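A quick write-up on the structure given underneath.
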Amino acid sequence: MMGEVVHAPLDTDVAIETPEHIVFRHRVAGPARRGLAYLIDVFVCYFTLFVVGIVVLLASGAGDIVDRMQHAPQTTTGMGVGLMLVLLFVVQWVYFVVWETWKGTSLGKMALGLRVVTTTGRPIGFGGAALRNILRGADVLPIGYLVGVVSMLLTSRFQRLGDLTANTMVVMVDRARATAPVRLWPPAEPYELASIPERVMLDAEERTAIELFLRRRGTLGPAREEELASMMMEPLVRRHGIHPPHPGVHGGPPPPRPSRLLALLYERAANAGRGEAPTSSRHEAAGGRLSWR
Amino acid sequence: MALTSHVTEAAFIARRNQDWAELERLTQRAANQDVSALEVQEVTRISPLYRDICADLARAQAARYSAPLVDYLHALTASAHSVLYALPPRPRFTFSLRGKKSAFLAFPRAVRAHWPTMLLAAFLFFGPFLFGAIASIAEPSFAFRVVPESQLRPLVDGYAKGFATGRQAGEGAMMAGFYVNNNVGIALRCFATGIFGGLGSAFYLVQNGLAIGAILGYVASQGAGGNLLLFIIGHSAFELGAIVIAGGAGMSLGWSIIAPGNKTRLASLQSAGRDVAVIVSGAAVMLLIAAAIEAFWSASSMPAVVKVIFGATWLLVVLSYIFLAGQDEPWERT
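Quick mapping for you: the protein sequence lines, in order, are chains H and B.
Take the first sequence: its position 59, counting from 1, is numbered 67 in this note's numbering, and each next residue is one higher.
Take the second sequence: its position 5, counting from 1, is numbered 409 in this note's numbering, and each next residue is one higher.
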């Protein structure tokens with residue numbers, strides 16, 4: 009047959025093999041997304057600092073704070089300024105370490121669906137979080153994370169120096185929700201299936217192509233939909249020796265539209281086989297749920 | 405590559421989706437709260453469910469079930485994996501904070517294991533320090549080349565007054581904030597820039613040594629040296645020790661790239677990184693202690709004798725901690 013198209017994974021994917029020999033992929037986050045997450049974090053931090061600053065200012069009488077600090081540092085003013093400086097330290101050096109140790113992500117990363125993991129896909133601990141964040145001190149140089157961005161662009165996992173040293177990477181959290189499988193609607197009529205071979209063999213690409221098309225049905229205009237479907241039909245029809253029914257010359261039911269025919273093909277291919285799954289190795293499942301989300 | 409499966413997708417889903425839903429519920433709760441939030445019997449369910457879903461994923465991929473199903477199983481496997489392997493049998497990193505004693509002893513052990521760079525860091529700091537001090541005493545205007553005159557003159561006035569009044573509570577808190585932010589920040593930056601072949605650390609060590617030496621020498625040349633010594637004696641063991649240690653750790657990081665030995669440069673950097681994470685965390689704690697002493701003790705109106713005894717005691721404690729603590733076992737990378 010024709011040469012197989014190799015499914016080259018996207019180059020921003022990192023494959024991780026578990027001890028169970030299951031391979032799953034993490035999509036690595038690039039500089040733009042991480043930069044945006046960083047901006048959110050910075051905004052959160054300095055907004056907090058700003059609010060605390062206002063409170064400190066009000067608490068210390070809102071007078072000429074600079075003058076009083078220099079000449080008569082009063083208890084409240086001095087303590088307020090001390091608090092601000094400690095907070096500044098926390099913002100610069102502690103904020104990320106605490107969040108990443110605790111949750112594996114920071115507020116900004118969380119907002120963009122990012123997460124820090126080791127290059128083997130495990131959560132990072134305190135040591136990893138501390139190391140990768142202290143090394144921000146090198147990554148920010150000379151201005152605006154230039155070293156970090158250059159390092160990201162030179163490494164396949166978009167790692168800045170802190171990531172390289174701590175052996176970590178920032179990935180996008182895959183929150184794939186279960187979507188219902190494609191259902192043929194209305195259900196196939198016997199006469200419709202009659203024109204389709206008993207056993208339809210689709211290869212992975214064909215199946216994916218048809219599935220993507222069927223999932224997008226309804227977002228295209230009807231004419232465009234049928235046009236696309238007939239374009240997909242042709243090679244399938246030729247390869248599988250399917251004979252679409254002739255136009256209803258004998259007064260029989262009208263022939264299926266190309267999109268309907270595709271759906272029928274898909275249905276036949278997907279539902280070939282036993283209608284019963286083997287049970288789990290552990291226990292007898294007591295009947296499945298009625299509908300699968 | 406024909407599409408072959410013995411079981412239809414719908415039947416597969418119908419049979420297995422109950423387990424998937426249970427695993428999804430458990431991993432989500434474990435991820436949102438903590439594994440400890442789960443009941444014991446729930447925790448023991450995760451592992452068999454995870455094994456099953458691994459098999460399901462493999463089966464779904466082999467049977468070429470529809471992409472959403474495979475993606476769903478994929479994501480569920482990944483999130484269950486991260487829950488299940490969140491707590492590996494060994495500590496995730498070189499030291500665990502749970503064992504306080506081990507972290508307490510890991511720090512001096514790690515510092516001693518990196519003694520060549522620590523020694524170099526000490527020379528790079530104390531060499532310029534002595535040079536700055538001696539040069540400024542001999543010729544006070546030398547200090548102006550290192551630290552601006554406008555910053556030096558107020559210092560002399562300040563220390564000439566002595567500590568009769570001490571500091572007010574508010575001022576102490578303010579200075580504590582300043583020392584925490586400034587000094588710990590400098591030490592961490594000094595460490596981080598060591599990744600550039602150790603050059604950044606070396607620069608910060610020399611610069612800080614020279615500046616501190618020049619300040620000391622200049623203030624001494626103006627006749628307030630005794631008071632300045634009384635001020636710094638309490639916290640200097642922690643502060644200067646931590647700067648040297650952080651700088652040495654930074655140079656270790658740089659050296660691991662320059663001379664990786666029989667590892668790749670990246671592997672060498674990562675193994676050095678595990679060591680120095682311990683060292684830098686310890687140095688940061690030392691600096692926090694230094695900040696507290698500097699803010700609330702060093703400028704207090706305690707008699708000179710008390711300050712000297714206080715400072716000497718801490719110097720002894722810090723030195724013996726670094727050199728002697730945890731001698732029974734050598735530092736071991738895990």
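For every residue, glycine included, the Cβ atom is placed at its ideal position computed from N, Cα and C.
Small disclaimer: the values here were computed from a predicted structure and weren't measured.
Query	Result
L670 (chain B) beta carbon less than 8 Å from that of L149 (chain H)	no
Exposure label - F51 (chain H); buried when at least 16 CB within 10 Å	exposed
Counterpart residues of M180 (chain H) in DSSP-defined beta bridges	H:R35, H:L122
Sufficient close CB pairs (3 or more, under 8 Å) joining the stretch 210-226 of chain H to the stretch 145-160 of chain H	no
Within 8 Å, strictly: CB atoms of V712 (chain B) and L614 (chain B)	no
Environment of Q731 (chain B) [buried if 16+ CB atoms lie within 10 Å]	exposed
Cβ shell of A641 (chain B) (< 6 Å), same chain only, five flanking positions each side left out	W718, L719, V722
Opening and closing residue of the alpha helix (DSSP H) in which D21 (chain H) lies	Premise fails: D21 (chain H) lies in the beta strand (DSSP E), 21-25, not in any alpha helix (DSSP H).
Neighbour flag for W101 (chain H) against chain B, beta carbons, 8 Å	yes
Partner residues on chain B for L139 (chain H), Cβ-Cβ distance less than 7 Å	G677, A681
Below-8 Å beta-carbon distance, T498 (chain B) vs any chain H residue	Residue placement at T498 (chain B) is flagged as unreliable, the pLDDT there being 44, under the threshold of 50; the coordinate-derived value follows with that caveat. Judged by the 8 Å Cβ criterion, T498 (chain B) is in contact with chain H.
Length of the line joining the Cα atoms of V487 (chain B) and P205 (chain H)	46 Å
Opposing strand residues paired with P131 (chain H) [DSSP bridges]	H:V125
Chain B within 8 Å of F97 (chain H), Cβ atoms only	yes
Check whether Y454 (chain B) and L427 (chain B) have beta carbons under 8 Å apart	yes
Interface partners of A462 (chain B) on chain H, CB under 7 Å	I30
Where V60 (chain H) meets chain B, residues with beta-carbon distance less than 9 Å	None at all; the shortest Cβ gap to chain B is about 12 Å.
Candidates B:P552, B:T481, B:L473, B:A418, of which the one nearest E25 (chain H) by Cα	B:T481
Below-8 Å beta-carbon distance, V94 (chain H) vs any chain B residue	yes
Proximal residues to L120 (chain H) (C-beta, below 7 Å), its chain only, five neighbours per side dropped	R41, L44, A45
Short-range partners of chain H found in the stretch 464-479 of chain B, where Cβ spacing is below 7 Å	R468, S470, A471, P472, L473, D475, Y476, H478, A479
CB contact check: Q674 (chain B) to chain H, cutoff 8 Å	yes
Segment contact flag, the stretch 540-560 of chain B with the stretch 58-68 of chain H, C-beta cutoff 8 Å, min 3 pairs	no
Inter-stretch contact at 8 Å, needing at least 3 Cβ pairs: the stretch 158-177 of chain H / the stretch 609-623 of chain B	no
Three-state secondary structure assigned by DSSP to Y454 (chain B)	helix
Three or more C-beta pairs below 8 Å linking the stretch 121-136 of chain H and the stretch 601-617 of chain B	no
Nearest-angstrom Cα separation, counted from V181 (chain H) out to L633 (chain B)	55 Å
Residues of the stretch 685-708 of chain B whose Cβ lies closer than 7 Å to any Cβ of chain H, in chain order	S685
Buried versus exposed, by CB contacts within 10 Å (16 or more), M10 (chain H)	Note on M10 (chain H): pLDDT 37, under 50, position unreliable in the model; the coordinate value appears next. Burial call: exposed.
Rounded straight-line distance, which links the Cα of L644 (chain B) to that of G651 (chain B)	11 Å
Enclosing alpha helix (DSSP H) for I697 (chain B) [first to last residue]	669-700
Inter-residue Cα distance where the pair is F508 (chain B) and A687 (chain B)	12 Å
Euclidean distance between Cα positions of A753 (chain B) and G638 (chain B)	The structure shown does not extend to residue 753 (chain B), since chain B spans only 405 to 738, so no value can be given for it.
Range covered by the alpha helix (DSSP H) that runs through F166 (chain H)	No alpha helix (DSSP H) contains F166 (chain H), which DSSP labels as neither H nor E.
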